[in-house]
Every structure is written in C-alpha cells, then in structure tokens.
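Report on one structure; see the data block that follows.
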Amino acid sequence: MSLLKQIDIDQVKSKLTDDLSQLGKIYKSKRNANLTLSVDHNLVDGYLKEGWEIQKELKTKTRLIKPKSHSKKFEDDVWCQLYELGYRYLNYDDSFKLPYGKEPEDLKQIDVIAIDKETVILIECKSSEKPRKSTSLKTEFEGLEKRLDGFRKSIDQIFGRGLKVKYIYATRKIRIDEESIEIGRLLKTNSYYYNDNTFGYINSLIKNYKDAAHYQFLGMLYKDQLISSEKIEVPAIEGTMGKKTYFMFSLEPHILLKMGFVLHRTRANESEMPTYQRLLVPNRLKDITKFINEGGYFPNSVIVNFTERKHKIHFEGSSRSGDSRSRYGMLKIPNAYAIAYIIDGQHRLYGYANSDFKLSNTIPVVAFSKLDSTEQLEIFMDINENQKAVSADLRLTLEEDLYWDSDRADSRIKALRSAIINELSNSVNAPLYNKVSIGEDKGMLSSKPIATALLKSGLLPSARGNKYNAETSQACLYDIHNHSHGVEMRRAKKNVVQFLNLCYSYIEEEYPDIFEREQYFILSNRGSYAFINLIGSLNYYETVETKNLNLKSTPAERFGTLKPYFDILINGLRNLPEGEEDQLLSKYGTGADVLWFRTFQTIINNSVHDYEPPALIDWKERQDKDLQDRGREFVIEIEKYMKHTVLGKTHQLFGDNWELEINSIKRECLKRAEEENEKNYKEGLKNTNNHWTEMFHINDYKSIILKYWTKKDETDPAFKTFEEEFSFDIGTGFNSKSEKTKWISHFNSLRNLSAHEGTKEKGLNREEVQFLENLFDSIVVKQNS
Numbered sequence: 002m003s004l005l006k007q008i009d010i011d012q013v014k015s016k017l018t019d020d021l022s023q024l025g026k027i028y029k030s031k032r033n034a035n036l037t038l039s040v041d042h043n044l045v046d047g048y049l050k051e052g053w054e055i056q057k058e059l060k061t062k063t064r065l066i067k068p069k070s071h072s073k074k075f076e077d078d079v080w081c082q083l084y085e086l087g088y089r090y091l092n093y094d095d096s097f098k099l100p101y102g103k104e105p106e107d108l109k110q111i112d113v114i115a116i117d118k119e120t121v122i123l124i125e126c127k128s129s130e131k132p133r134k135s136t137s138l139k140t141e142f143e144g145l146e147k148r149l150d151g152f153r154k155s156i157d158q159i160f161g162r163g164l165k166v167k168y169i170y171a172t173r174k175i176r177i178d179e180e181s182i183e184i185g186r187l188l189k190t191n192s193y194y195y196n197d198n199t200f201g202y203i204n205s206l207i208k209n210y211k212d213a214a215h216y217q218f219l220g221m222l223y224k225d226q227l228i229s230s231e232k233i234e235v236p237a238i239e240g241t242m243g244k245k246t247y248f249m250f251s252l253e254p255h256i257l258l259k260m261g262f263v264l265h266r267t268r269a270n271e272s273e274m275p276t277y278q279r280l281l282v283p284n285r286l287k288d289i290t291k292f293i294n295e296g297g298y299f300p301n302s303v304i305v306n307f308t309e310r311k312h313k314i315h316f317e318g319s320s321r322s323g324d325s326r327s328r329y330g331m332l333k334i335p336n337a338y339a340i341a342y343i344i345d346g347q348h349r350l351y352g353y354a355n356s357d358f359k360l361s362n363t364i365p366v367v368a369f370s371k372l373d374s375t376e377q378l379e380i381f382m383d384i385n386e387n388q389k390a391v392s393a394d395l396r397l398t399l400e401e402d403l404y405w406d407s408d409r410a411d412s413r414i415k416a417l418r419s420a421i422i423n424e425l426s427n428s429v430n431a432p433l434y435n436k437v438s439i440g441e442d443k444g445m446l447s448s449k450p451i452a453t454a455l456l457k458s459g460l461l462p463s464a465r466g467n468k469y470n471a472e473t474s475q476a477c478l479y480d481i482h483n484h485s486h487g488v489e490m491r492r493a494k495k496n497v498v499q500f501l502n503l504c505y506s507y508i509e510e511e512y513p514d515i516f517e518r519e520q521y522f523i524l525s526n527r528g529s530y531a532f533i534n535l536i537g538s539l540n541y542y543e544t545v546e547t548k549n550l551n552l553k554s555t556p557a558e559r560f561g562t563l564k565p566y567f568d569i570l571i572n573g574l575r576n577l578p579e580g581e582e583d584q585l586l587s588k589y590g591t592g593a594d595v596l597w598f599r600t601f602q603t604i605i606n607n608s609v610h611d612y613e614p615p616a617l618i619d620w621k622e623r624q625d626k627d628l629q630d631r632g633r634e635f636v637i638e639i640e641k642y643m644k645h646t647v648l649g650k651t652h653q654l655f656g657d658n659w660e661l662e663i664n665s666i667k668r669e670c671l672k673r674a675e676e677e678n679e680k681n682y683k684e685g686l687k688n689t690n691n692h693w694t695e696m697f698h699i700n701d702y703k704s705i706i707l708k709y710w711t712k713k714d715e716t717d718p719a720f721k722t723f724e725e726e727f728s729f730d731i732g733t734g735f736n737s738k739s740e741k742t743k744w745i746s747h748f749n750s751l752r753n754l755s756a757h758e759g760t761k762e763k764g765l766n767r768e769e770v771q772f773l774e775n776l777f778d779s780i781v782v783k784q785n786s
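Each residue of the sequence shown is one higher than the last, beginning at 2 in the working numbering.
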C-alpha cells in the first residue's frame, strides 16, 4: 500500500522548483546577507519596530532591509552551496516538509532539499550566533533511523525508485565532539555530519574546481556506496613494481570522476590523515579543459589506489609466459563512489569534468590497491621530488618535435620557432652557442624572450588555426603561400637562423666589449627581446617602407642592408645620456623588455628620421611630459565637472533624500573612505578623514546619469537633464542612451592611463589627448557657456 496520497505528493512537489530563472533569483536573494521587503508606505512604522530599516523609498512602496538571523543566513548559505554544486531542483523557501509516515503529524521540516538525476540531499541546519558547545543531541537523533526509512519510501513514491538519499546534519559555530555517542548515532544511519570545516572545504572546492566540485562532493557523501551493482570490466595488464602489484588500463573520465577521490590536506579530511594533495589551480583547470576540447591529450597515466575497504577489485588474468612477470586479463572494478584515491593526475582528470570528451575519451590509469595513506603519500612525494614539472624552456624545446608535422599552421609556426632557437644555441659556430637554455641544459639566456621576440618581430608570420595574419607576413622570412609545408619550414628555419647569426656575429666581431658583457644590452633576456625585435622592425622598414628588400632577399642581403643600423645602435648605447644606462639596466619585470626595445628604436630614429614605426610614435607620445600634463589637466577638469554636476543635480532632484536615492553607491564610497583613512593612518599621513563624496568612481557617476537620464525638475524651467548635459558623440552611433554615454567608459580608461604619472608603460598619446580636449570643449566649456 502506498505511503502517500496524490494530494500529498503534489503538496511536496509544490514546494520545489526546477525553473532556472526562478532558481537564479532565489540564489541571488539567498546570497544577500540581508532580507529585503517592499511594503506600502503606511505600514513602514510597524516594520521599523520589528528591526527593519528603510533602504529606499519608491513611488508607491518603501523598500526595507534587515540583516538575516544567523540561522536563516546559514540555511541560505548551505542552499547556495548546493546550487553552486550544480543542483537545479531545490526547495524555494523554508516551509518544505517531507512525510515519513502515514499519519498527518508524520512530517519533518527540511531546511534544504536538493535533487538531481542520481541523488537526493536532505539537510537539517543548526547554527549559533557565537561559538558554543552543543547541547544534548539525544532527542535530535532519536528515531532518526525510522524517519530516514520513511523519507526514502516517500522519495521513492514521489520521485521514482533508484535515487540515492543522503541525510546531512549541518552545523555552524556549534562544537560537537565527533567521537561522541550522538555523532556515532548519526553516522550509524549512514548520514553525514557537515560542520564548519566541511562548509569551508566545500567553498574551497567550488572556488577551485567550479562545476567539477560536484564529483568530490559526491565522493564525500557516498564514499564506498555502490553507484550500480554491475561491475566495470576493463582489459588490463597486471605487473609488479617495488614489491607492489599494479594494474594498467584505460577508462572513460566520467567513470573515474565518480569513482575517484582526492585526499586534500584539509581539516575536513582529518579521518583520512595523512592527506597530501593541494587544491587545484582554477586557471590551470580551465586551461586543461580548453586544451582537451581543442583535441589535446595527456599520454601519461593517472595514478590511483583502490582502497578495497568495502568493495574488492578482481583480476581474471591469463597464465604468465616464461619471458615476463606481467600478464594480461580482465579487471573487474566495483562501480562505487570514492573507491579510487587519486595519487597523481588530479588536474588531468578534473580537466575532463567540463570537457566535450568526458564520455568518449579514455585516459590511461595505473592502479595500486590497498595502499595505506602513508604509502600513498610516499608515492606522491617521490613523483613530485623525482619528476620535475616541464619548464618553459623544455616545453619550447619540445615544440619542434611535437608540432613540426602538424596540420595546423599556428602549431607549425610554434615548431619552427622552437627549431630556430634550438639551432641558434646548438650550432657550434653560432655566436649564441650554449648561451640559450635548451631543455634541461641551462644557459645565460632563457629561450622564452627569444621565442616571444620571434613572433612579435615579424620575422615569422602569426597564425590562428590554419589562417595566417596577412599583416604579419608582409616582411617575414616564411612564404605562407607555399603549401609544401615541410619544404617551407626547413627553408625558413635555415634563412632565419642564418640571418640572426649574421646580425649577432657582427656585434660579436665588431663590438666585443658590448657583446661579451653579460646581462648587458645584447646578451641578456631583455637584450634578446629588444635586439631581435629591432632586427624584425628594421627588416620590415627596409622591405615594406623603402623597398630595398623583398620577400626573396637572401639572409646575406638582409644583413648587408641592416648592418649600418647596428653601428648606429651600438654608438647610441655607448653614448647614452648620463644616468639613462643605469636606469635601463636596473629596470626589470613588466615592461622592461619593451622599454629596451623602444630605446633601441629611438636611437635609430634619432639618426634615421624616416624610420619611425607607428608603435614607436605612440610610445614616444606617451613619454612626452608636456602632452601628459595637458591630458591630465583635461581629465581633472572633466572629472571635477562630472562630480559637481552629477551630485548637484541629484541633490536638486531629490532634496534632502538625495543620499538615500544613491544609498548603494554611498555605502561603497563610505567603505572606500574608511579603507583610505585607515591606509593613510597606518602610513603616518595626516589626511585620515576623507569624506565619502570624495570617493566616487567614474562608473558611479555613470550609474547615476543612466538611472536619471531624462528626469526633470518640474519646478525649474531652466533645468537641464542628464541627457542634455552628458551626451557626447564618439562616432559609433548617437541614438540610444548607451551610445550617448559610451564616452564615459572611454574617458575612464584614459583617466586610468593618465593617473600613472611617471610610469613609462602608461600615459596618453596625441590622439587620446585630442579626444579629451574635444570632450572638455563639448561637456565642460559648452555647458558652462
């Protein structure tokens, strides 16, 4: 006989939603630390007595706000975690009740229920405002086993059989001895205790693993529980290594993701100590997924250990031959959650979690069995101590072998670049012989700046997929129209290497004092970037601008044409203005290589005025102090006018309530003011009393302008709306509100560039200053006239 009537089933389902739009709104509300409510104006006083505060007065309603209670906040935080873990069928309020018996009173309120195709999570939340010891939980867990049995029967009837139900008792700031009788009773029912450590760990998983966190979460809850009674059968090879038996096989990622579990070193995994794994690097995980989706693969194996605490693996092997201790057979693996601990390869495995090939690819696995945590830790340490991560230099070195025969143009160019660097350093007669780090062989120069310069210099074309960038091929030494790729790759490699060797050899032979000085203008990482880029820039100038060279010019012809420029460069470096040499040599980090390159170009430009690449013109303008001062004056005046006008008009429109109208912005400004005051105080500065109106950002003004775009002051006939004050045409359309205010974002970016006074990497060029002048004339001068 059924436990529930149809009306009971409908009542339960009515308290759940799988509407994505509604769930998104609920998630946004639950993420908020405050409760919000809109009520009629005449009801406000009553709510104020109950602790509500006015957030905003609307035309017919007043929006109220009140901090959530600690219990409500905790329930909402847990609900949000389940949403972030990928659940999209949840309760939408706190009135959800689940029957566990036939009697009307056999109902239990559940704080959070989350359902997917395989699982049902029931969570009861208990919290305290301040940390405290737990009171007796005897009554809390009395009858829990009976209730859970009733819950499962109800769930089977409401949602269908086969869903795996897990009850979670979640606490915040409540200290419970995990060895206590009460927790023992909870765990005896196959339920899960979810404390502050667990909550923090799940948050870290979500932050680092994103959607892939779902698998580790399921492993925590359902560890050793069968997913299916049918075992997974895979062909495998059995072998022995270090007195340990292991198996080699390949498996689909979606299976191993459920079966696998990572022993992260967190307090949430204390029961598994010693644990050893670090959380994933989010950007690396994203990059790996992208790499897989683009057809990439990892030939090295994921290393796991089957715990065999509850479910045993079974190998049906063939007889061994006399020549080998290994044997082939069929490995039968229990299909259960978290039975395989990931010792090495978690990035590779979890990279598949959101990939297009999660179901169709197979990945190589080396599996041990029944290793204890200490043995797993020893293997992990051996791998990380004895196997170095692939360095940038080694990766660049290997690209020649990896991509030389690729069917993608961009990959072949990578291979060509790698081959050129290898040849420059490995050729005994070359000036850079043994000076560049190649693979694990270290030299005074890193290969990375050379690789970057080869692509940026125009000596090689750039490509994306199989499409070359035509602009970068105008003066390059690679014929993009030659479809005999192997022939062209070898020809280009020979020509680029010969050309660069001639250039470096000239400096080595004619200016040995410059060339032989380590970490100087030629033999340094910054010098490599600058010199090779200069060679490429001069080659472009002589090919495209003067036409003295063409695409068929030989390396010797190119060098002969460029040789006079090298004399100019070296003489210029020898005669740098006092202090500039020390300034250049002391410059490291971001922008140092570009600064050196532009300095090299400037030296040439000072003698050959026709050599003036657009990028050099732009850079020189950004170094022009008078131009920067002029641009900064416009920025200051425009921002001053924006502040005065926006705040003034807001005050005029809303009178004494103007601050409430922009209260969300005010809160942010108050926060900025407090942070600035604290910073000034700690640094010993006198100004520790910044007013919130001094802390506006340009985008704050923009928000106000857009919000009250056409609002008028009906009492002032001369009042100009924000639309009338702040519309400016930047030439990309002038119809909509967004088009008329697009200038604000552009102005903000220019303001940021101009704000870095004395920073050579930033600043304004002439065109940008002209834009600011036009804006000043239109917005400030015109409106004030």
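Built from N, CA and C at the ideal position, the CB exists for glycine as well.
Work out the CA separation of residue j and residue i for me, nearest whole Å.
| i | j | result |
| --- | --- | --- |
| L258 | G346 | 12 Å |
| L776 | D212 | 46 Å |
| K6 | S155 | 10 Å |
| E715 | T63 | 23 Å |
| I340 | D357 | 25 Å |
| R268 | V305 | Caution applies to R268, whose pLDDT of 47 falls short of 50 and renders its modelled position unreliable; the value that the coordinates give is listed next. If you take the alpha carbons of R268 and V305, they lie about 22 Å apart. |
| K703 | K680 | 27 Å |
| K208 | N355 | 15 Å |
| D215 | G87 | For clarity, residue 215 is His in the given sequence; the question names Asp instead. Computed Cα separation, rounded: 7 Å. |
| K389 | E582 | Bear in mind that the predicted position of K389 carries a pLDDT of just 46, short of 50, making it unreliable; the figure below should be weighed with that in mind. C-alpha separation (whole angstroms): 38 Å. |
| Y612 | H747 | 31 Å |
| W620 | M643 | 30 Å |
| R752 | K457 | 28 Å |
| T591 | R527 | 11 Å |
| P565 | S538 | 14 Å |
| G144 | E180 | 20 Å |
| T453 | N607 | 26 Å |
Count the other C-beta atoms from every protein chain shown that fall within 10 angstroms of the C-beta of residue i, then say buried if there are 16 or more, exposed otherwise.
| i | result |
| --- | --- |
| I725 | Reading the sequence as shown, one finds Glu at residue 725 and not Ile. Answer is exposed; the Cβ neighbour count stays below 16. |
| I637 | exposed |
| F735 | exposed |
| Y404 | buried |
| T711 | exposed |
| L59 | exposed |
| P578 | exposed |
| Q377 | buried |
| M274 | Confidence is the limiting factor: at M274 the pLDDT is only 45, short of 50, which leaves the residue's position unreliable, though a coordinate-based value still follows. Under this definition M274 is an exposed residue. |
| I124 | buried |
| K415 | buried |
| D701 | buried |
| Q771 | exposed |
My assumption, with CB atoms under 8 Å, is that residue i sits in contact with residue j. Please give the rounded CB distance.
| i | j | result |
| --- | --- | --- |
| L563 | E543 | 7 Å |
| L570 | F598 | About 11 Å; that fails the 8 Å criterion. |
| I364 | K333 | 19 Å between Cβ atoms; not a contact. |
| S128 | F75 | 4 Å |
| Y247 | F369 | 5 Å |
Among the residues of its own chain, which have a CB less than 8 Å from the CB of residue i, if the five just before and after it don't count?
| i | result |
| --- | --- |
| Q629 | R623, S755, E758, G764 and L765 |
| V782 | none |
| R285 | H348 |
| S3 | Q158 |
| V235 | F250, S251, L252, M331, L332 and I334 |
| P462 | I414, Y469, N470, T473, S474, C477, Y479 and I481 |
| E769 | G632, L751 and L754 |
Spatial neighbours of residue i within its chain, please: CB distance less than 7 Å, with the 5 preceding and 5 following residues excluded, ordered by chain position.
| i | result |
| --- | --- |
| R321 | R328 |
| P432 | N502, Y505, S506 and E509 |
Below 7 Å, is the gap between the Cβ of residue i and the nearest heavy atom of the ligand SAH?
| i | result |
| --- | --- |
| E119 | This structure does not include the ligand SAH; it has no bound ligands of any sort. |
Using a Cβ-Cβ cut-off of 6 Å (strictly less than) and excluding sequence neighbours within five positions of residue i, which residues of its own chain qualify?
| i | result |
| --- | --- |
| Y84 | Y28 |
| I666 | D701 |
Q.
Tell me whether the segment 38-58 and the segment 102-114 touch, counting them as touching only if at least three CB pairs, one residue from each stretch, are closer than 8 Å.
A. no
Q) Is it true that the segment 500-516 meets the segment 556-571, where meeting means three or more beta-carbon pairs spaced less than 8 Å apart? A) yes
Q: Taking 8 Å as the threshold, find out whether the segment 13-30 comes into contact with the segment 97-110 through three or more Cβ pairs.
A: yes
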